[in-house]
Amino acid sequence: VQTIKNSDLQHRVIFDSAPDGIVILDTNGKVIDCNFGETLITGYTREEILTNSTGFYLLKKYKEYFRKRFPYLHEKEGLDIEVEIKHKDGQIVPVWCKVRTIRDVSGRYSGIVIYNRNIANRKRAEKTQQVMLRIASAASRVMDDLDFFKLLKTELNQLIDTSNFFVGLYEEETKTLTSLIKKDDNFIIPIEGTIVGYIIQFQQSLLLKGDEIGKFIELNELKKIEKISKCWLGAPFVLDGQVVGVLAVHN
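Each residue of the sequence shown is one higher than the last, beginning at 2 in my numbering.
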């Protein structure tokens, strides 16, 4: 009996240590087990996954896809498909889903095992590469500055929220930035004592999130901001060792 218990424990450890999410269904399609990886991908606890309807976190179109195909899965070895799930926190997560039938020693169909792999990083890397290629292509063409930076804003919006997007030319004498996006408005910003002034002075890009922004301002004795963003990103344009402009975006 102890040997059996030890064996079961070892199998459980291996099951929960798998990098992918794993879900096991009985012949009726009911979830009878899942591993720790599945809870990480979905945000739901094991108990929530076992007590809710199968695939409740799938987006509607994928629920329908599996509902139509489940009755015939036992006739096949399985299928592979990319799906999207709704994480418990509301985020949509792309997942590579590998479905395989389980058969006993006699070859009789006894259930289904589903392997789920979070491919969000891969998808984001692919999208980033596509965006960078389009930006590089635009940069190689002769374009008006305003048109180019509008295109840059549009492309970057596929990766990050660019609602608050700024590109400006730096004037050393006046210590100001003149907006290239709002040319008609003659939008000029003084930068002394600001985070933008900091990245110009040290010629370095900067990404700050949440409490980091307030702490950074205090540490470097910069001007206080009334309404601090949740995220701030800035990068200087450097030409021949001199800063000629800045790109900044905040959310």
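We put the beta carbon where it would ideally sit given N, CA and C, even for glycine.
{"Query": "Would you call the CB atoms of Val247 and Ile201 closer than 9 Å?", "Result": "yes"}
{"Query": "If you run the structure through DSSP and keep just helix, strand and coil, what is Arg142?", "Result": "coil"}
{"Query": "Classify Thr52: buried if its beta carbon has 16 or more other beta carbons within 10 angstroms, exposed otherwise.", "Result": "exposed"}
{"Query": "With DSSP collapsed to three states, give me the class of Asp27.", "Result": "coil"}
{"Query": "Per the contact definition of three or more C-beta pairs closer than 8 Å, is the region 71 to 85 in contact with the region 94 to 101?", "Result": "yes"}
{"Query": "My understanding is that Gly169 touches Leu181, with C-beta atoms under 8 Å, so please give their C-beta distance in whole angstroms.", "Result": "6 Å"}
{"Query": "Quick one: give me the first and last residue of the beta strand (DSSP E) that Val84 is part of.", "Result": "Gly79 to Lys87"}
{"Query": "Does Glu39 pass the burial test, meaning 16 or more other C-beta atoms within 10 Å, or should it be called exposed?", "Result": "buried"}
{"Query": "With DSSP as the reference, identify every bridge partner of Ala236, one or two as the case may be.", "Result": "Leu248"}
{"Query": "When burial is assigned at 16 or more other CB atoms within 10 Å of the CB, is Pro237 buried or exposed?", "Result": "buried"}
{"Query": "Run through DSSP, which three-state label would Lys225 get?", "Result": "coil"}
{"Query": "Taking Val168 as part of the beta strand (DSSP E), name the residues at either end of that continuous run.", "Result": "Asn165 to Glu172"}
{"Query": "Whose C-alpha, out of Phe203, Lys176 and Ser206, is nearest the C-alpha of Glu193?", "Result": "Lys176"}
{"Query": "Express the C-alpha separation of Lys77 and Gln11 in angstroms, rounding to a whole number.", "Result": "30 Å"}
{"Query": "With a 10 Å radius around its C-beta and 16 neighbouring C-beta atoms as the bar for buried, classify Gln3 as buried or exposed.", "Result": "Reliability fails at Gln3, whose pLDDT of 45 lies under 50, so the model's placement of it is uncertain and the value that follows must be treated cautiously. Its Cβ having fewer than 16 others within 10 Å, Gln3 is exposed."}
{"Query": "Could you check what DSSP says for Ile136 in three-state terms: helix, strand or coil?", "Result": "helix"}
{"Query": "From which residue to which residue does the alpha helix (DSSP H) around Thr40 run?", "Result": "Phe37 to Thr43"}
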